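Undergrad: Can you read through this structure? Questions will come right after.
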Amino acid sequence: MLAWILHRITGLGMIVFVSLHVISSFFTQEMGSDWAIAINTVYESIYFQFFIVFCVLYHGINGIRIIILDLWPRMLQYQKEMTWLQWLVFVPIYGLTIFIMIQKLITGG
Amino acid sequence: MKVTLKIFRYNPETDKKPHYDRFVVEAEATDRILDLLESIKNYQDGTLSYRRSCAHGICGSDAMRINGVNRLACKALVKDVGNKVTVEPILGLPVEKDLIVDMEPFFDHYRSVMPYFVGGEENPKKEQMQSPEDRERFDDTTKCILCAACTTSCPSFWASGEYIGPSAMVNAHRFIFDSRDQAAAERLKILNDQYGVYRCHTIFNCTDACPREIQITKAIGELKKAIVTARLD
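So the protein lines, in turn, are chains A and B.
Sequential numbering of the first sequence, starting at 1, is according to my numbering.
Sequential numbering of the second sequence, starting at 110, is according to my numbering.
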């Protein structure tokens with residue numbers, strides 16, 4: 001059930017990000033208002049970036065797992081192994097991405 | 110060892126809302142939760158209400174939430190659940206009293222999938238043969254005891270009681286993939302509904318909850334594929 005809950009949370013996370021981005025872009029362009037720029041700083045913060053990368057990667061990889069299970073129902077009896085495999089794919093990709101983000105933050109790249 | 114049980118209580122005649130009662134029972138590690146409930150009912154509080162019949166994991170009467178997980182009280186041992194046990198009725202069905210729920214909505218869904226054999230000829234002259242391989246195809250789903258542990262562990266069912274639920278689909282699977290049965294198309298049509306197979310989001314709670322270890326999500330996956338491809342592989 002954890003995978004299902006995380007899939008919903010990460011989906012909502014992406015909706016929040018895209019909505020904030022659209023709202024802030026619109027108001028920045030139309031009015032150049034300060035609070036529109038303030039919204040910009042929310043999703044440009046490094047913590048939000050860590051969160052959104054988690055959302056995109058987890059949602060994508062979990063989605064691939066669900067598609068595989070839907071297309072090949074025989075795989076459904078190996079769902080636990082599939083979930084572990086999913087984490088095995090997710091952790092190195094997410095870890096490497098976070099490493100690069102922190103490295104760029106420190107070096108100012 | 111002493112086991113503390115926190116049990117969901119609700120008497121519609123006297124209680125405005127449900128509450129929990131605590132009981133302490135002397136038990137062996139190999140005792141079943143049903144043994145503890147029997148002990149409480151016999152020696153501490155005779156008003157405690159729950160369903161039980163065979164007490165050997167066959168009749169499916171005593172499915173309940175034990176420490177947050179749907180299990181049969183007659184199959185859950187003290188050593189597996191610990192010495193602090195919370196017992197609640199299964200979720201998603203109306204509570205009638207204490208641990209007893211109204212199973213009628215569950216059986217309505219069960220009846221809706223035509224859970225009976227539909228043969229070809231009305232009065233066949235000889236028995237219909239089936240190869241061991243064809244029998245094996247639906248062997249897993251013959252094991253269902255209709256305890257409702259799967260359906261009431263499903264978040265989609267919690268969200269909407271109209272969802273047909275895993276158990277009804279397991280029983281549909283049992284006949285749809287029977288090589289002798291003639292009503293597969295009709296059953297698949299029933300399941301091809303917004304409250305049918307599409308409400309299954311592969312959460313796997315049902316598979317984890319099943320006391321007969323039926324691969325329920327796999328069975329539902331096979332039904333989804335049969336509906337999409339119009340083939341019974």
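Built from N, CA and C at the ideal position, the CB exists for glycine as well.
Please read all numbers here as calculations on a predicted model, not as lab measurements.
Do glutamine 153 of chain B and glycine 229 of chain B have their CB atoms nearer than 8 Å?
TA: It is not a contact, given that the beta carbons lie outside the stated cut-off.
Undergrad: Could you work out which residue in B:Glu137, B:Phe284, B:Lys188 is closest to aspartate 243 of chain B when comparing CA atoms only?
TA: Of the listed residues, the one whose Cα sits closest to aspartate 243 of chain B is B:Phe284.
Undergrad: Can you check which of these residues, B:Ser276, B:Glu122, B:Ala164, is closest to methionine 223 of chain B by C-alpha distance?
TA: Among B:Ser276, B:Glu122, B:Ala164, the Cα nearest to that of methionine 223 of chain B is on B:Ser276.
Undergrad: Taking its Cβ as the centre, do 16 or more other Cβ atoms sit within 10 Å of serine 24 of chain A, making it buried, or is it exposed?
TA: Buried is the call here.
Undergrad: Quick check for students: name the residue ranges of the alpha helix (DSSP H) that lie wholly in the region 1 to 49 of chain A, counting only runs of 4 or more.
TA: Listed in chain order, the complete alpha helix (DSSP H) runs (minimum 4 residues) inside the region 1 to 49 of chain A are 2 to 30, 34 to 44.
Undergrad: Is valine 53 of chain A helix, strand or coil by DSSP?
TA: Note: valine 53 of chain A maps to helix in three-state DSSP.
Undergrad: Taking just the CA atoms, how far does phenylalanine 50 of chain A sit from alanine 350 of chain B?
TA: Residue 350 of chain B falls outside the range modelled here, since chain B spans only 110 to 342, and no answer is possible.
Undergrad: Give every residue of the same chain whose Cβ lies closer than 8 Å to the Cβ of tyrosine 421 of chain B, excluding the five residues on either side of it in the sequence, and list them in chain order.
TA: Past the edges of chain B, shown from 110 to 342, lies residue 421 of chain B, and the structure says nothing about it.
Undergrad: Can you pull the chain A residues whose beta carbon is under 8 Å from the beta carbon of histidine 310 of chain B, in chain order?
TA: Under the 8 Å cutoff, chain A gives Trp4.
Undergrad: Sort B:Thr250, B:Val194, B:Cys253, B:Cys263 by Cα distance to glutamate 202 of chain B and report the nearest one.
TA: Checking the sequence shown, residue 202 of chain B turns out to be leucine, not glutamate. Taking only the C-alpha atoms, the option nearest leucine 202 of chain B is B:Cys263.
Undergrad: Between leucine 76 of chain A and the rest of its own chain, which residues show a CB-CB distance below 6 Å, the 5 nearest in sequence each way excluded?
TA: Within the same chain, leucine 76 of chain A has close Cβ partners Leu69.
Undergrad: Whole angstroms are fine: how far does the CA of isoleucine 98 of chain A sit from the CA of lysine 252 of chain B?
TA: About 48 Å.
Undergrad: Mind listing the chain A neighbours of lysine 252 of chain B? Cutoff is C-beta to C-beta under 9 Å, in chain order.
TA: Per Cβ cutoff of 9 Å: no residues; lysine 252 of chain B is ~15 Å from chain A at best.
Undergrad: Counting only Cβ-Cβ distances shorter than 7 Å, please list the residues of the region 303 to 330 of chain B near chain A, keeping chain order.
TA: Taking 7 Å as the Cβ-Cβ cut-off against chain A, the residues of the region 303 to 330 of chain B that qualify are His310, Thr311, Ile312, Phe313, Asn314, Gln324, Thr326, Lys327, Gly330.
Undergrad: Is serine 33 of chain A near the ligand HEM - that is, is its Cβ less than 7 Å away from at least one heavy atom of it?
TA: Among the components modelled here there is no ligand, and therefore nothing to report on the ligand HEM.
Undergrad: Please list the partners that lysine 333 of chain B has in chain A, where partner means a Cβ-to-Cβ separation under 9 Å.
TA: Neighbours of lysine 333 of chain B on chain A, chain order: Asp70, Pro73.
Undergrad: Please list, in chain order, the chain B residues whose beta carbon lies closer than 9 Å to that of isoleucine 157 of chain A.
TA: In the structure as shown, chain A starts at 1 and stops at 109, and residue 157 of chain A therefore has no counterpart that could be examined.
Undergrad: Thinking just about the alpha-carbon of each residue, which of A:Leu71, A:Gly108, A:Val91 is nearest to the one in glycine 330 of chain B?
TA: Measuring from the Cα of glycine 330 of chain B, the nearest candidate turns out to be A:Leu71.
Undergrad: Quick one: is arginine 308 of chain B buried, meaning 16 or more other Cβ sit within 10 Å of its Cβ, or exposed?
TA: The residue is buried, with at least 16 neighbouring Cβ atoms inside 10 Å.
Undergrad: Comparing C-alpha positions only, which one of B:Phe286, B:Leu255, B:Arg246, B:Asn176 sits nearest to valine 227 of chain B?
TA: Checking every option, the nearest Cα to that of valine 227 of chain B belongs to B:Phe286.
Undergrad: Quick one: which chain B residues come within Cβ less than 8 Å of methionine 1 of chain A?
TA: Per Cβ cutoff of 8 Å: Pro264, Ile312, Phe313, Asn314.
Undergrad: At 4 residues or longer, and completely inside the region 217 to 258 of chain B: list those alpha helix (DSSP H) runs for me, N to C.
TA: Listed in chain order, the complete alpha helix (DSSP H) runs (minimum 4 residues) inside the region 217 to 258 of chain B are 241 to 246.
Undergrad: Name, please, each residue of chain B whose Cβ falls closer than 7 Å to the Cβ of leucine 20 of chain A.
TA: Those do not exist, as leucine 20 of chain A stays about 27 Å from chain B at its closest Cβ, beyond 7 Å.
Undergrad: Rounded to a whole number of angstroms, what is the C-alpha to C-alpha distance between cysteine 55 of chain A and isoleucine 167 of chain B?
TA: Each residue's alpha carbon lies about 44 Å from the other.
Undergrad: Give me, in chain order, the residues of the same chain whose beta-carbon lies closer than 8 Å to that of lysine 111 of chain B; leave out the 5 immediate sequence neighbours on both sides.
TA: Once the five neighbours on either side are set aside, the close Cβ partners of lysine 111 of chain B are Val133, Val134, Glu135, Ala136, Asn192.
Undergrad: Is there a Cβ from chain B that is less than 8 Å from the Cβ of leucine 88 of chain A?
TA: No, its Cβ sits nowhere closer than 8 Å to a Cβ of chain B.
Undergrad: Taking DSSP as the reference, what is the three-state secondary structure of alanine 172 of chain B?
TA: It is a strand residue.
Undergrad: By the three-class DSSP mapping on this structure, what secondary structure does histidine 184 of chain A have?
TA: Here chain A has residues from 1 to 109 only, and residue 184 of chain A is not among them.
Undergrad: Return the chain-ordered list of same chain residues with a C-beta closer than 7 Å to the C-beta of phenylalanine 90 of chain A, the five sequence neighbours on each side being excluded.
TA: Excluding sequence neighbours, phenylalanine 90 of chain A sits near Leu57, Tyr58, Ile61.
Undergrad: I need the DSSP call for glutamate 81 of chain A, collapsed to helix, strand or coil.
TA: Helix, per DSSP.
Undergrad: Are the Cβ atoms of valine 187 of chain B and aspartate 140 of chain B separated by less than 8 Å?
TA: Result yes, Cβ atoms of valine 187 of chain B and aspartate 140 of chain B sit closer than 8 Å.
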